[in-house]
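J.: If you scroll down you'll find the structure; I have some questions about it.
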Amino acid sequence: MSMARMTEIRETLLQAALSLAANKLRSALTTLGVAVGVFSIIAVMTALDAVERSVATGLSSLGANTFQIQKYPATVFGGGHGRDQYANRQDITWQQALLFRKFMGPKASGIGFVITRQASQARFANRATNPDVVLTGGDENFAKSNGFDITSGRNLNGNDIRHAADTAVLGSEVAASLFGQGQKPLNRQIKVEGKAYTVVGVFGKKGAAFGQSQDNLVLIPITRFLGHVNEKGSLSITVEARSRAEYAGTIDQAIGAMRLARGLTVREPNDFEIRTNESLVESFRQIQNTISVGAFIISFMALLTAGVGIMNIMLVSVTERTREIGIRMSIGAPRRTILRQFLLEALLLSIGGGMLGIATGAAAGNLVAVNFNLPVIFPWGWMAVALLVCSAIGISFGLFPAWKAAGLDPVEALRASK
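Just so you know, we're using the working numbering here: the sequence shown kicks off at -3 and counts up by one.
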């Protein structure tokens, strides 16, 4: 590109910027219209991308060969009515879980039982956690089935389960809250919901999954949980297949064993759910697609409205600057320069709004992510798409006003402005 051409483009761009700066309020309002449309899609997609990464982390924590059997599906659609159809199912009881293990025999590498209670508070001496500790009843296979490592002390054992012992293994977050760095938690007595437990072990840090900390738990023997905390709760059973090749076969075996344990007849459907990595991903995809469609519709309408606003503002600008256009043409300004300037003004309005929408949308999406303990991300792909769409809107809706300005007759333009 020649130096003269570069100078011409630079001067045209400068002239376009100065023309927009001369009408600050009008330009700001038009830019804001574009920003609203871009904000909605960037904010939603940033939050969804953060959730998707958390889902991937959660799946890796479950293990490639692991699946769960539980009363409810991973997600329930349809509001209260949708959940009622599952609430009417019978709970998975301790007796059924033991029968299930018996029927499975050696078909699985490990079978763990778990039941949880949210929003508990743990205490030691004059220290207390926030009332958001997950009190968990589990068996000796809980740590292996759920990917936990013991960093000090020991895991629950068969004797703890058989005798419903008042022992507990702490998540790293609970241990840090109650004992800090100066005290050792082993063989200390803590209280959860007024009941005393002796600490026999501490889990290593595991991090967050699905936006929830996995380290904020107190594990006690499941028999102790059912006998002293909640004897009517529904258990979740975690099954680990021996290998990936046996995964599908183990699921089929587990379905049959669970049906026998539940006493279902041949004609009765399953009244329990198999939660696999694939089913969890599919549930998330359904939610993601629904939210994405809604966000796209809102963004499309907002950007369409903003595009019409850009065209309207540029047409008004052409009318107001008719004399300026006539003077520039009369002293030799080519029509392509006039067209390029007005097209650049529309493009600057659109891209400026897009950049504002991207910045505020990414900030809002990450604010939601941080509040739910999700990773902070920057959706570079969506940002690039947003800028391309804004450029297309600026060119599409600015082309007609620019063409109209470039098509003015210099003599008529000078005469009309008198």
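Ideal Cβ placement from N, Cα and C applies to all residues, glycine included.
Give the list of continuous alpha helix (DSSP H) stretches no shorter than 4 residues that lie fully inside the stretch 243 to 272.
T.: 243 to 258
J.: Measure the C-alpha to C-alpha separation of Gln64 and Asp87 and round it to an integer number of angstroms.
T.: As a working mapping, residue 64 is identified with position 68 in the sequence shown. As a working mapping, residue 87 is identified with position 91 in the sequence shown. Between Gln64 and Asp87, the C-alpha separation is close to 15 Å.
J.: On the CB-based measure, 16 or more other CB atoms within 10 Å of its CB, does Glu425 come out buried or exposed?
T.: It is not possible to answer for residue 425, since the shown part of the chain is limited to -3 through 414.
J.: To which residues of the same chain is Gly76 closer than 7 Å at the C-beta, ignoring the five residues directly before and after it?
T.: Locating residue 76 in the sequence shown gives position 80, where the first residue counts as 1. The pLDDT assigned to Gly76 is 49, lower than 50, so where the model puts this residue is not dependable; a value taken from the coordinates is nonetheless given after this. Closer than 7 Å at Cβ, skipping near neighbours: no residue.
J.: Helix, strand or coil: which one does DSSP assign to Arg332?
T.: For the purposes of this step, residue 332 is taken as residue 336 along the sequence shown, with counting starting at 1. In the structure shown, Arg332 sits in a helix (DSSP, three-state: H, G or I).
J.: Select from Leu395, Lys191, Thr27 and Thr62 the residue whose C-alpha is nearest the C-alpha of Leu335.
T.: In the sequence shown, counting from the first residue as 1, residue 335 sits at position 339. Closest option to Leu335, Cα to Cα, is Leu395.
J.: Using CA atoms only, rank isn't needed, just tell me which of Gly200, Asp162, Lys201 and Phe199 is closest to Gln185.
T.: For this step, residue 185 is matched to residue 189 along the sequence shown. For Gln185, the nearest C-alpha among the options comes from Asp162.
J.: Ignoring anything shorter than 4 residues or poking outside the stretch 274 to 340, list the alpha helix (DSSP H) runs there in chain order.
T.: 318 to 326
J.: Which residues share a DSSP beta bridge with Ile186?
T.: The residue labelled residue 186 in the question sits at position 190 within the sequence shown. Tyr193.
J.: Do the CB positions of Ala365 and Ala39 come within less than 8 Å of each other?
T.: Looking up residue 365 in the sequence shown gives position 369. Looking up residue 39 in the sequence shown gives position 43. In this structure, Ala365 lies away from Ala39, with their beta-carbon atoms at least 8 Å apart.
J.: So, with DSSP's three-state summary, where would you put Gly76?
T.: Here the question's residue 76 lines up with position 80 in the sequence shown. Low local confidence applies: a pLDDT of 49 at Gly76 is under 50, so the model's placement there is unreliable, and no value is given.
J.: Three Cβ pairs or more, each shorter than 8 Å: is that satisfied between the stretch 226 to 239 and the stretch 103 to 116?
T.: yes
J.: Just the Cα atoms here: how many angstroms apart are Arg324 and Thr286?
T.: Taking the sequence shown and counting its residues from 1, one reaches residue 324 at position 328. Taking the sequence shown and counting its residues from 1, one reaches residue 286 at position 290. Distance between the alpha carbons of Arg324 and Thr286: 52 Å.
J.: Rounded to the nearest angstrom, what separates Asn273 and Gln249 at their Cα positions?
T.: Here the question's residue 273 lines up with position 277 in the sequence shown. Here the question's residue 249 lines up with position 253 in the sequence shown. Taking the CA atoms as reference points, Asn273 sits about 18 Å from Gln249.
J.: If we call anything under 8 Å between Cβ atoms a contact, is Leu363 one with Thr26?
T.: In the sequence shown, the residue the question calls residue 363 occupies position 367. In the sequence shown, the residue the question calls residue 26 occupies position 30. It is not a contact, given that the beta carbons lie outside the stated cut-off.
J.: Nearest to Pro406 by CA position, among Ile321, Thr62 and Val385, is which residue?
T.: Here residue 406 corresponds to residue number 410 of the sequence shown, with the count starting at 1. Of Ile321, Thr62 and Val385, the residue nearest in Cα terms is Ile321.
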